[in-house]
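Have a look at the structure below before the remarks.
2 protein chains.
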Amino acid sequence: MARNDHAAQFASLIGAANVLTEAADKAPYLVEWRDLYQGVTPMVLRPGSTAEVSAVLAHADANGLKIVPQGGNTGLVGGQIPVESGEEIVLSLGRMNRVRGIDPEGFTITVEAGVVLETLQREAEAVDRLFPLALGSQGSCQIGGNLSTNAGGTAVLAYGNTRELVLGLEVVLANGDVWNGLRALRKDNTGYDLKQLFIGAEGTLGVITAATLKLFPRPKKLEVAFVGLADPHAALALFSAAKAQAGPILTGFEVMPRVGLEFCLRHLAGARDPLAGEHAWYVLMELSSGTDAFPVRDLMEAILGEAFEKGLVEDAAFAESVAQAQAFWHIRHGMSEVQRYEGGSIKHDVSVPVASIPAFLDAAMVAVGAMVPGCRPVPFGHLGDGNIHFNVSQPVGADKEAYLARWDEMNALVHGIVHAFNGSISAEHGIGRLKRELLREVKSPLELDLMRRVKAAFDPNDTLNPGRVL
Amino acid sequence: MARNDHAAQFASLIGAANVLTEAADKAPYLVEWRDLYQGVTPMVLRPGSTAEVSAVLAHADANGLKIVPQGGNTGLVGGQIPVESGEEIVLSLGRMNRVRGIDPEGFTITVEAGVVLETLQREAEAVDRLFPLALGSQGSCQIGGNLSTNAGGTAVLAYGNTRELVLGLEVVLANGDVWNGLRALRKDNTGYDLKQLFIGAEGTLGVITAATLKLFPRPKKLEVAFVGLADPHAALALFSAAKAQAGPILTGFEVMPRVGLEFCLRHLAGARDPLAGEHAWYVLMELSSGTDAFPVRDLMEAILGEAFEKGLVEDAAFAESVAQAQAFWHIRHGMSEVQRYEGGSIKHDVSVPVASIPAFLDAAMVAVGAMVPGCRPVPFGHLGDGNIHFNVSQPVGADKEAYLARWDEMNALVHGIVHAFNGSISAEHGIGRLKRELLREVKSPLELDLMRRVKAAFDPNDTLNPGRVL
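Top line first, the protein sequences correspond to chains A and B. Residues in the first sequence are numbered consecutively from 13, following our numbering. Residues in the second sequence are numbered consecutively from 13, following our numbering.
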């Protein structure tokens, strides 16, 4: 069957208007904002229902076609971009964006894969509930992609990764079979928990088309502080004290270095320095409570006051309004994007046991500085989860291409240090295409073999996202 | 190879003293306390290390032997009892009971499968931490069994099922291969999350030999109240109010009927009625906080005071000491065991969406009463999780065998009602042998097929716990 015949067949299944073949129409689906990948595809398919996804996959699987599922196209490891050789077809879930149902009393919501995360957050707020998943790209990323990558973000500390927020899934398998695993049960031990396989599988085992997710009481009281400290050791000590005293009330603990804040002040609209003086490191700390009875502000002041007396904290600003709290978070959420304007940036998304964070940062910053004198490490992220985005911007004035050419070399250096701390080379971004080769180095042959057995059991023809993960 | 030759071979691998072949030695491993199953086995193997488990499975898998893994033998669905025909060998993990390491600062502990749950709880307390999993059989159940059944218990409301408490696993596969998935990371997205497959697989995909588990801040303040109410509708209304006001501070919400309390007063050592008058239903409600700053008692009194004014609560007793709090919990934890002394009891471990609990109970209690006039339903358990142990004791003076002969008939009746509420026929006890046939009725052919593909990929010779789950 020729390419045009396939396009015609898909047009008959989902409508000609939803089969994009013109270069201009396809373009937005073929680049990602870091400009690390430039894909090529014969067509972009935009099904509008589970039945249409099923029909598309049935035809593709029966005809040896390769399918790359794509959500909001905010992935950071190239998993959603078709390969340059041009034989992969993009399956965009964006048109499947309905909220199928919401149950405030049962604290659940059922949505389709194409619902934008920010929309999902608002739907929950509208019924006085919280959907806690929050990340920098929440204005454009889609829940289907969040589920397929087991997204992390800034609320993992209190609410867990995306995996922990899932009660049920609807999945279309490679051959078009539809598995209806949409359940709203808090406890269900009836055989293998199949949904766990699709969460974080990056679209290689099936295409998630809908999910039933947990909601939580909407925080009635929220306190955010922007804290200046001398180093990560002080940050860890502050975290330990805060967790011991606040427990589940501690809903955010993000760390960032001075250089990261300076990037935001230069390139992020509306960003202002929350503190008068300069500090080497900063922590954004959030406490929130679903009950008015909890003296959240008192606790925040007690924790920081104690830390100040111990010399752990140099200065701290309390958000005195919702707007100010959002301004503090605006800086944190902008931290990743602003690095684009400072030349080349070599990325690492790593995790180590929480208590090892300071030692890891000490070792890694010294090592990359020795490898590329003048480079500017911007390690930031979720200290409370042991997850640091160890990004390193090029030296000022250096040649971008020459710097980025050392990407693999620096990765090897940093990942070697991560390995020494028994850490992970992909805490929340996944493997995709970017880290596929690395996976072979960090996983045992047995573990890789077990993964391949699962892939073969669910997608024997290697139709879904071939060459990603495995 | 003859049976004796296999016994000799196993003796050479794990020591003759750890191969039990005498009837008296095997007996404790062949019965479970509900007396629903009486197993037969040529031998019970008691390996003392991961390497020994590996050697045992390698020999069994290569010789077509069938292995039944067993922990504390407290399972309620017959999964851990060898079949009556006598060809299954029991693999007891009880000798693997070492704590391999504990990291209070990182809030993790690594233990072997044979560690008794109560021991694990104490190990955490010794370093001022909490391991939240708690259930009636915690004095004898082992963490390996808890993991293999994804045990629930009374702390799921605030801390999640056993699955949510797992960071890493060590598993011996059917052919003896050892997968080292012991990690202490809060975030790790490097390929498929294989550990999720073994959790809740009831020993059919591999034998869990060790786990790295999450610890939490130990509650500094704890308040327990024993509440009398008119019906489950009042209990649900109280739960909704409590969750909205207390959020994650609400760490326990258990419901039980008057008849269950009476069973405890008759048969449970040390049990006393916490309230002066009689009430049709009771709720055990617990609030706990890791911080002294939280006014837990005030919140408990506010929630119950408000509910009392609304007429939801008839009476309530506050635990005025740790001993009294334990006495309240003693009643709840004894609720399952005491049913043994009231003749035959037909069991159901079901879940429905939380908001459907009252309607489900109304329907199910009327239905079983119509089927067996005079039967005594004792529905109790985790209202906050939507999980009810819908157990039905025989009419006073009825013939036990005749009553139990209607087990399947009553199961079909109750499960039909569960199905109407989109619920689960096994919320936390699993499938084992007891519910294997039922599974075929409630799962789609596709879902059963997907499970079989996974089983075939991990245990192609059907060596591990054959005939359980699938």
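Built from N, CA and C at the ideal position, the CB exists for glycine as well.
- The CB of H441 (chain A) comes closer than 9 Å to the CB of N201 in chain B, given here in chain order.
- When Cβ-Cβ separations below 7 Å define contact, Y204 (chain B) makes contact with chain A.
- Along the segment 412-467 of chain B, the beta strand (DSSP E) does not occur as any fully enclosed run of 3 or more residues.
- Inter-segment contact for the segment 140-150 of chain A and the segment 341-349 of chain A is present: three or more beta-carbon pairs are separated by less than 8 Å.
- Here P365 (chain A) has G398, F433, N434, G435 as same chain residues with Cβ atoms under 8 Å from its own Cβ, once five neighbours each way along the sequence are excluded.
- In the same chain as V384 (chain B), and ignoring 5 residues on each side of it, no C-beta atom comes closer than 6 Å to its own.
- For P244 (chain A), no beta strand (DSSP E) segment is defined; the enclosing uninterrupted segment is the alpha helix (DSSP H) at 244-258.
- Contacts with chain A at 7 Å (Cβ-Cβ) do not include E96 (chain B).
- When C-alpha distances from D17 (chain A) are compared across A:Q50, A:R46, A:V43, A:P54, the shortest belongs to A:P54.
- Under DSSP, E321 (chain A) forms no beta bridge with any residue.
- Straight-line spacing of the CA atoms in I358 (chain B) and A339 (chain B) works out to 27 Å.
- A direct Cα-Cα distance of roughly 11 Å separates F210 (chain A) from V178 (chain A).
- Less than 7 Å divides the Cβ of K78 (chain B) from the Cβ of P478 (chain B).
- By the rule that beta-carbons nearer than 7 Å mark a contact, Q133 (chain B) does not touch chain A.
- Residues of the segment 70-89 of chain B with a C-beta less than 7 Å from any C-beta of chain A: none at all.
- The alpha carbon of A237 (chain B) has as its nearest neighbour, out of B:A314, B:L462, B:E274, the alpha carbon of B:A314.
- In this structure, R141 (chain B) lies away from L197 (chain B), with their beta-carbon atoms at least 7 Å apart.
- Within chain B, the residues A305 have their CB atoms less than 9 Å from the CB of D310 (chain A), given in chain order.
- As computed with DSSP, P231 (chain B) is found in no beta bridge at all.
- Assigned with DSSP and collapsed to three states, G193 (chain B) falls in strand.
- Collapsing the DSSP output to three states places R284 (chain B) in coil.
- Taking C-alpha positions only, L416 (chain A) is separated from E44 (chain A) by approximately 17 Å.
- Its chain contains L57, R58, P59, G60, E64, A67, V68 as the residues whose beta carbon lies nearer than 8 Å to that of I26 (chain B), once the 5 sequence neighbours on both sides are disregarded; these appear in chain order.
- Closer than 7 Å to the CB of R198 (chain B) there is at least one CB belonging to chain A.
- L185, D189, V190, W191, N192, G193: these are the residues of the segment 177-193 of chain A whose beta carbon lies less than 9 Å from some beta carbon of chain B, given in chain order.
- Within the DSSP bridge table, the entry for M297 (chain A) names A:A237, A:F265 as partners.
- Taking 9 Å as the upper bound on Cβ-Cβ separation, chain A lies near residues Q208, L209, I211, G212, A213, E214, T216, L217 of the segment 208-221 of chain B.
- DSSP places E64 (chain A) in the helix class (H, G or I) of the three-state scheme.
- Secondary structure at Q154 (chain A): strand, using DSSP grouped into helix, strand and coil.
- Residues of the segment 150-168 of chain A with a C-beta atom less than 7 Å from some C-beta of chain B are T161, N162, G164, V168, listed in chain order.
- Considering only B:E349, B:V239, B:N162, the residue with the shortest C-alpha distance to A329 (chain B) is B:V239.
- A straight line joining the alpha-carbon of L48 (chain A) with that of S24 (chain B) spans about 57 Å.
- Residue pairing for A222 (chain A): DSSP places it in a beta bridge opposite A:E124, A:E182.
- G409 (chain A) is positioned such that its CB atom lies no closer than 7 Å to that of H401 (chain A).
- When rounded, the separation of the alpha-carbon atoms in R110 (chain A) and V123 (chain A) is 6 Å.
- Counting the other CB atoms within 10 Å of its CB gives R195 (chain A) a total of 16 or more, which places it among the buried residues.
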